[in-house]
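All letters in the sequence shown, in the order written, are residues 30 to 147 by the working numbering.
Yeah, the Cβ is synthetic: ideal placement off N, Cα and C, and Gly gets one too.
Contents: one structure, followed by commentary.
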Amino acid sequence: MSNSLPFDPFASEKPQQTEKPKKSLSYFLGLGLGKAVVATRHKLSGVSQAIHHSIENDVEQRLAEQAEFHDMLHQQQELSHCEEVARLKRRHLKVTISMTLVGLLMGAISAAILFWYY
């Protein structure tokens, strides 16, 4: 059998009266329950969006705090590195001057010995 509607050649002669089905209590109850479910879902969706935004804001705040902390650590490392370089330069300068003085002293002693004995 086909799923098409039966053809009634005399349908145009007699007007068909379509009966509207009576809406029962279960129909109205189902409609009200459906609207309540949709409203609840929208409210929960709004709550979940608010929670999502709150979590996003919290994550952004923590990332900003971490960035500040890392910047502070980087600055401290730069300062300690500069202090270490300055300390090493001073030490190198002291060693260079002391070695120069030792060399000059040894040269003076050698010259004095050579001058004294010859």
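Cα-Cα separation between residue i and residue j, rounded to whole angstroms
| i | j | result |
| --- | --- | --- |
| residue 80 | residue 104 | 36 Å |
| residue 25 | residue 139 | It is not possible to answer for residue 25, since the shown part of the chain is limited to 30 through 147. |
| residue 144 | residue 135 | 14 Å |
| residue 72 | residue 51 | 33 Å |
| residue 64 | residue 55 | 14 Å |
| residue 124 | residue 131 | 10 Å |
| residue 89 | residue 74 | 22 Å |
| residue 117 | residue 129 | 18 Å |
N-terminal and C-terminal residue of the alpha helix (DSSP H) that residue i is part of
| i | result |
| --- | --- |
| residue 56 | 54 to 146 |
Residue i, buried or exposed, once every other Cβ within 10 Å from all chains shown has been counted against 16
| i | result |
| --- | --- |
| residue 30 | Low local confidence applies: a pLDDT of 49 at residue 30 is under 50, so the model's placement there is unreliable, with the coordinate-based value given in what follows. Burial call: exposed. |
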